[in-house]
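Participant:
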Amino acid sequence: MSSDLTTLSASAASAKVKSGEVDAHELFEQWRERSRLDDLNALSWSADSVPAEIHTGGPLGGVPLGVKDLFCTEGVPSQSGSKILEGYLPPYSATVVDALAAAGAPLLAKTHQDEFAMGSSNENCAFGAVINPWDRGRVPGGSSGGSAAAVAAGLVPWALGTDTGGSIRQPAALCGVVGLKPTYGSVSRYGMIAFASSLDQAGPITNSVADAALLYSQMTGRDVHDSTSVDHPDPVSEVPAADLTGVRIGVPTELSGEGIESGVLDAFNASLELAKSLGATVEPCHLPHAPHALSAYYLIAPAECSSNLARFDGVRYGLRVDPGEGLDAMYGATRSQGFGPEVRRRIMLGTYALSSGYYDAYYGRAQRVRTLISQDFDTAFESFDVIATPTSPCVAFELGSKTDDPLSMYLSDFCTVPMSLAGIPAISIPNGLSEGLPVGLQLVGPAFSENRILGIAASLEAAIGFDGSAARL
Amino acid sequence: MTEFEAVIGLEIHVQLATQTKMFCGCKPVFGEDPNTRTCPTCLGLPGALPVINEAAVDFGMRLGLALGCSLAERSIFHRKNYFYADSPKGYQISQYDEPLCSEGELAGVRINRVHLEDDAAKLVHTSETGRIHGAESSVVDFNRAGTPLAEIVTEPDLRSAAQAREWLQLLRTTVKALNISDVNMEEGSLRCDANISVRPVGQKELATKTELKNMNSFRFVEKGIEAEIERQRILLESGGTVVQETLHFDPRTGSLTALRSKEEAHDYRYFPDPDLLPVSVDSEMVERARAALPELPAARAVRYAETYGFEQELSERLGFEADLGDLFEAVLEIRGKASDPRLAATWVSGEVFSRVEQDAGSAIEASTLAELLELLEGERITTAAARQVLDRVLAEGGSPADIVASEGLEKVGGGDALAAAVEIAIAAHPEAAAKVTAGEHKALGSRRWWRGAQRNPCSPWRRVGFITWLNNPQRQRFHSQRRWSLC
Ligand SMILES: [Zn+2]
Chain F
1 MSSDLTTLSA SAASAKVKSG EVDAHELFEQ WRERSRLDDL NALSWSADSV
51 PAEIHTGGPL GGVPLGVKDL FCTEGVPSQS GSKILEGYLP PYSATVVDAL
101 AAAGAPLLAK THQDEFAMGS SNENCAFGAV INPWDRGRVP GGSSGGSAAA
151 VAAGLVPWAL GTDTGGSIRQ PAALCGVVGL KPTYGSVSRY GMIAFASSLD
201 QAGPITNSVA DAALLYSQMT GRDVHDSTSV DHPDPVSEVP AADLTGVRIG
251 VPTELSGEGI ESGVLDAFNA SLELAKSLGA TVEPCHLPHA PHALSAYYLI
301 APAECSSNLA RFDGVRYGLR VDPGEGLDAM YGATRSQGFG PEVRRRIMLG
351 TYALSSGYYD AYYGRAQRVR TLISQDFDTA FESFDVIATP TSPCVAFELG
401 SKTDDPLSMY LSDFCTVPMS LAGIPAISIP NGLSEGLPVG LQLVGPAFSE
451 NRILGIAASL EAAIGFDGSA ARL
Chain H
1 MTEFEAVIGL EIHVQLATQT KMFCGCKPVF GEDPNTRTCP TCLGLPGALP
51 VINEAAVDFG MRLGLALGCS LAERSIFHRK NYFYADSPKG YQISQYDEPL
101 CSEGELAGVR INRVHLEDDA AKLVHTSETG RIHGAESSVV DFNRAGTPLA
151 EIVTEPDLRS AAQAREWLQL LRTTVKALNI SDVNMEEGSL RCDANISVRP
201 VGQKELATKT ELKNMNSFRF VEKGIEAEIE RQRILLESGG TVVQETLHFD
251 PRTGSLTALR SKEEAHDYRY FPDPDLLPVS VDSEMVERAR AALPELPAAR
301 AVRYAETYGF EQELSERLGF EADLGDLFEA VLEIRGKASD PRLAATWVSG
351 EVFSRVEQDA GSAIEASTLA ELLELLEGER ITTAAARQVL DRVLAEGGSP
401 ADIVASEGLE KVGGGDALAA AVEIAIAAHP EAAAKVTAGE HKALGSRRWW
451 RGAQRNPCSP WRRVGFITWL NNPQRQRFHS QRRWSLC
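Order-wise, the sequence lines are chains F and H.
Counting in the working numbering, the first sequence runs from 1 upward without gaps.
Counting in the working numbering, the second sequence runs from 1 upward without gaps.
(1) Counting only C-beta atoms, is F/E461 closer than 8 Å to chain H at any point?
(2) With a threshold of 8 Å between beta carbons, is F/A303 in contact with chain H?
(3) Quick one: what's got a C-beta closer than 6 Å to H/N112's C-beta in the same chain, skipping five residues either side?
(4) Ends of the alpha helix (DSSP H) at F/A95?
(5) Does the beta carbon of F/D226 come closer than 8 Å to any beta carbon on chain H?
(6) Using three-state DSSP, classify H/E105 as helix, strand or coil.
(7) Identify every residue that forms a DSSP beta bridge with F/E461.
(8) Flag H/K21 as yes when its Cβ comes closer than 7 Å to any non-hydrogen atom of ligand 1, and as no otherwise.
(9) Using a Cβ-Cβ distance under 8 Å, would F/C125 count as near chain H?
(10) Ligand 2 and F/C72: does any heavy atom of the ligand fall closer than 7 Å to the residue's C-beta?
(11) Pull up the distance between the alpha-carbon of F/L180 and that of F/I205, whole angstroms please.
(12) So which residues on chain F does H/D267 lean against when the C-beta distance must stay under 7 Å?
(13) If distances are taken between C-alpha atoms only, which option among F/T245, F/S14, F/S186, F/I260 comes closest to F/L235?
(14) I'd like to know if H/Y96 contacts chain F, where contact means its C-beta is closer than 8 Å to some C-beta of that chain.
(15) Using a Cβ-Cβ distance cut-off of 8 Å, determine whether H/D182 contacts chain F.
(16) Are the stretch 262-281 of chain F and the stretch 17-36 of chain H in contact at 8 Å, needing three or more beta carbon pairs?
(17) Give me the DSSP bridge partner(s) of H/G9.
(18) Check the Cβ-Cβ distances between H/Y304 and every residue of chain F, and say whether any is below 8 Å.
(19) Using a beta-carbon distance below 8 Å, is H/R37 in contact with chain F?
(20) If you measure from the CB of F/C415, is any heavy atom of ligand 1 nearer than 7 Å?
(21) Give the straight-line distance between the Cα atoms of F/C415 and F/Y216, rounded to the nearest whole angstrom.
(22) Who are the Cβ neighbours of F/Q30 in its own chain at under 6 Å, not counting the five residues just before and after it?
(23) Can you list, in chain order, the residues of its chain with a C-beta nearer than 6 Å to that of F/K16? Leave out the 5 residues immediately preceding and following it.
(24) Run through chain F and tell me which residues come within less than 9 Å of H/N143, C-beta to C-beta.
(25) Mind checking the stretch 51-82 of chain H against chain F and listing, in chain order, the residues whose C-beta falls within less than 8 Å of any C-beta there?
(26) Does the count of Cβ pairs from the stretch 384-397 of chain F and the stretch 423-437 of chain F closer than 8 Å reach three?
(27) Please tell me whether, using a cut-off of 7 Å, the distance from the CB of F/T220 to the nearest non-hydrogen atom of ligand 1 is below it.
(28) Residues of chain H with CB closer than 8 Å to the CB of F/M192, please, in chain order.
(29) DSSP on H/P297, reduced to helix/strand/coil?
(30) On the three-pair Cβ rule with 8 Å, is the stretch 168-179 of chain F touching the stretch 24-38 of chain H?
(31) Report all residues from its chain with a CB closer than 7 Å to the CB of H/S280; omit the five preceding and five following residues, and keep chain order.
(32) Taking the alpha helix (DSSP H) that H/F30 belongs to, which residues open and close that run?
(33) Would you say H/G44 reaches chain F, if we count a Cβ-Cβ gap shorter than 8 Å as a contact?
(34) Looking at the unbroken alpha helix (DSSP H) that takes in F/G440, where does it start and where does it end?
(35) Are the stretch 294-305 of chain F and the stretch 354-367 of chain F touching, with three or more C-beta to C-beta distances below 8 Å?
(36) Looking only at its chain, what residues have a beta carbon closer than 7 Å to the beta carbon of F/Q201, apart from the 5 residues adjacent to it on each side?
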């Protein structure tokens with residue numbers, strides 16, 4: 001009887017496969033069996049068998065991967081959490097999925113998400129809500145809730161998520177795992193079923209900062225199929241924990257006071273003290289336009305989604321509901337039955353924001369706010385190396401507690417949306433517990449500073465010493 | 001009674017003949033099996049993204065330069081959102097308020113803009129009429145989806161249907177010279193819509209206009225515009241008002257039907273496509289595009305008129321058909337300064353063109369035509385003989401001098417020499433000669449020739465034709481060439 005390889009971290013397993021100590025097929029098979037334990041509704045699909053070929057020679061050493069539903073995976077259901085794409089089998093795979101498979105992270109499972117990545121609780125999933133492994137009455141966060149819950153529960157060694165306004169970081173915080181939202185453009189979006197094109201970005205969800213760095217290192221690079229992708233000017237390889245001596249941490253007053261739960265705030269302040277004790281300086285800073293970020297986000301993201309989701313019309317793929325009364329009736333029936341209420345709400349909002357006569361007042365103005373927020377960060381980074389905030393204003397909330405109140409749900413992204421609008425990298429690491437539930441710490445840097453924030457995150461991770469084993473199934 | 005004048009502006013779509021589609025790597029080829037030239041991007045599959053085709057931008061720049069436009073250093077692709085089965089993404093990617101080219105002019109007609117966009121898929125309606133009304137079902141062929149289009153928008157500077165057609169033909173010739181499109185109206189690689197209004201002569205303000213859609217030949221453009229001008233004039237004269245609407249012209253019946261009125265117009269919800277970066281054009285790219293420009297048809301016609309004193313029609317025939325102009329210049333080049341340019345011009349634009357309208361310029365080598373004209377100008381053969389030689393050369397190739405020698409076409413003085421030649425030919429081909437003598441004039445292919453020969457049997461050139469015919473081993477071939485005997 002071989003040992004339980006699923007208790008190894010992804011980095012450690014990768015090293016052992018590369019050194020020949022562990023067989024990649026055996027590793028995959030053990031994870032495949034683990035993935036069958038899912039009783040959280042975290043996974044939408046998992047592999048039937050071990051792939052014939054695993055690229056063990058690649059930098060990722062054959063450690064299998066969980067992938068959010070919205071990444072196209074050839075021949076494997078890719079539904080973006082929506083009934084309109086139920087059972088949809090794409091004829092091609094997303095660039096990043098292919099790249100990770102080639103680097104030695106074969107596809108193990110697909111993970112549930114909020115429909116089209118719209119949500120902060122994973123309750124907007126057409127295939128049922130995902131459950132938080134820390135407390136089965138609570139949400140895992142969203143929209144990459146399936147990936148975060150699966151990593152926390154040990155159903156997959158590591159996973160891909162996507163972040164549009166906080167969809168990697170917030171569920172990572174609520175599930176007690178690490179989530180990195182990279183610089184916009186550093187990872188190809190080709191094959192990611194789009195929500196809001198100018199904001200969507202793929203990133204790793206892992207058990208440790210080292211795992212996040214390892215996975216991210218193989219995700220970056222210019223893709224000829226994505227015009228908005230670029231080569232990373234400072235590619236991530238191995239990220240050693242940074243020496244915090246003299247590191248200047250800025251704490252934006254706008255994102256670290258009002259509206260943040262006291263337990264979350266206590267954990268946040270404790271970690272700032274810890275950073276100081278390691279030699280960092282911690283001072284308040286200002287992001288004066290950050291409080292407007294949510295308003296701008298809820299115009300830009302719906303506007304883009306109203307256009308991105310127009311292709312789901314029942315003509316070429318996915319659900320078709322045809323009452324037999326012509327094309328318009330087919331569109332109407334297909335889309336009103338195929339999309340859930342939150343998606344329909346955002347399509348309506350975005351359609352309105354772009355309509356003639358309102359464009360300047362809504363979409364145009366939101367884009368100007370976005371520029372101002374970006375400038376706020378530029379100014380702050382003149383004085384600070386990194387900015388720290390709580391990731392989520394609250395810990396995981398009870399299932400159903402916010403579903404009737406979209407506005408309070410939207411506030412979940414209060415601390416994460418400004419970075420998405422600015423396109424800059426941000427990582428959430430576990431920051432202890434509040435009332436037995438995980439809390440997240442967010443570290444933010446300038447564009448392409450992944451090496452810096454991963455290094456600082458690794459030091460704080462070690463100092464915080466979070467133990468997530470309670471969530472393991 | 002009030003005099004009215006028409007005010008016409010055109011919107012022209014030109015399919016660009018690039019190797020790949022506007023935003024993906026598919027080859028835009030026509031006449032293939034449906035849905036064989038597609039990929040995730042041009043099918044609008046989930047997750048697929050567009051990438052701008054640089055060649056299409058280059059073609060667009062050439063077009064802009066040829067139309068005297070200024071090129072924007074930075075232009076933007078917007079999404080034009082609308083739902084229809086021919087729109088796989090639910091939006092068209094098109095340039096909106098920041099187009100690639102703006103403010104140009106061609107032959108006195110101002111160009112408002114030239115911008116790039118992607119073509120829609122092709123809907124095939126399975127009904128009796130092929131029109132969507134009454135169609136039982138529709139199928140979609142995505143081969144056309146994503147084909148690069150350049151849209152050219154003119155200012156309302158045209159004043160008549162005939163002028164619109166002539167100008168459109170010049171535009172077609174100009175685009176053809178750029179070698180960026182097939183510009184074939186029947187096949188849809190050139191499409192024209194017209195904005196038409198009618199106002200009292202002397203009125204400065206533009207009247208309410210209507211839009212006439214998709215007229216698929218130059219003739220229909222003229223007929224359609226004419227019909228719409230007439231409709232508006234009658235309406236105005238009877239005290240009615242023109243309603244802003246989109247109309248479809250049916251060339252079979254000459255009728256105009258409304259497609260949709262302004263009230264039902266789409267709100268396209270334009271916004272910059274977040275999947276694409278702005279197109280930036282630097283001076284190097286502009287210079288490269290400029291260097292790739294050929295001499296434009298209008299300029300070439302002017303040059304011929306000025307250099308050789310040709311009349312307008314001849315200048316334009318040679319200037320507007322690039323291959324004819326090229327052949328003309330090559331022949332002139334070979335024959336040198338001493339030769340007669342008009343002879344070369346009329347032979348290229350007349351004799352050669354009338355025989356092979358398609359690709360006339362490449363039907364004959366310049367050196368061959370030069371050799372023939374040398375014989376003609378040197379008075380070694382007659383015009384009629386030269387025409388025969390041209391027929392032979394076009395049909396079978398070969399050298400004009402050799403054909404003249406082998407067929408005995410060299411000018412002869414008549415009299416004994418010719419009579420002897422006829423006797424020899426008749427002796428060599430007794431059966432054919434007997435047929436002709438028996439009055440089977442059809443054997444010679446042309447009734448006119450035979451009648452002419454009968455009226456004046458002594459005309460040496462008719463006899464030469466007779467001899468040539470008798471000596472020709474492939475007489476059938478001559479039957480089909482109607483111009484053979486026009487002497
Ligand atoms: Zn394609």
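Ideal Cβ positions, reconstructed from N, Cα and C, are used throughout, including at glycine.
Facilitator: If we stick to the structure as given:
(1) Output row for F/E461: interface = no.
(2) By this cut-off, F/A303 is an interface position.
(3) V153, E155
(4) Going by the sequence as given, residue 95 of chain F is Thr instead of Ala. F/T95 -> alpha helix (DSSP H) spans 95-102.
(5) yes
(6) If DSSP states are grouped into helix, strand and coil, H/E105 belongs with the strands.
(7) Answer by DSSP bridge pairing: none, since F/E461 is not bridged.
(8) Using a cutoff of 7 Å, the CB of H/K21 counts as near ligand 1, since one of the ligand's heavy atoms is closer than that.
(9) False, the Cβ-Cβ gap to chain H never drops below 8 Å.
(10) The model depicted lacks ligand 2 and carries ligand 1 instead.
(11) 7 Å
(12) S355, S356
(13) It is Pro, not Leu, that sits at residue 235 of chain F in the sequence shown. Checked all of F/T245, F/S14, F/S186, F/I260; the closest Cα to F/P235 is F/S186.
(14) no
(15) False, the Cβ-Cβ gap to chain F never drops below 8 Å.
(16) no
(17) H/N195
(18) No, H/Y304 does not count as interfacial toward chain F.
(19) No - not a single Cβ of chain F is within 8 Å of the one on H/R37.
(20) no
(21) 23 Å
(22) L5, T6
(23) Taken in chain order, the residues that qualify are V22.
(24) Per Cβ cutoff of 9 Å: no residues; H/N143 is ~14 Å from chain F at best.
(25) V51, I52, R79, N81
(26) yes
(27) no
(28) G47
(29) helix
(30) Touching, no, given that fewer than three Cβ pairs across the two stretches are closer than 8 Å.
(31) Leaving aside the five residues that flank H/S280 on each side, the residues in its chain whose CB is nearer than 7 Å to its CB run, in chain order, E73, R74.
(32) Per DSSP, H/F30 belongs to no alpha helix (DSSP H) and is neither H nor E.
(33) yes
(34) From DSSP, F/G440 is part of no alpha helix (DSSP H) but of the beta strand (DSSP E) over 437-444.
(35) yes
(36) T162, D163, K181, P182, Y184, V187
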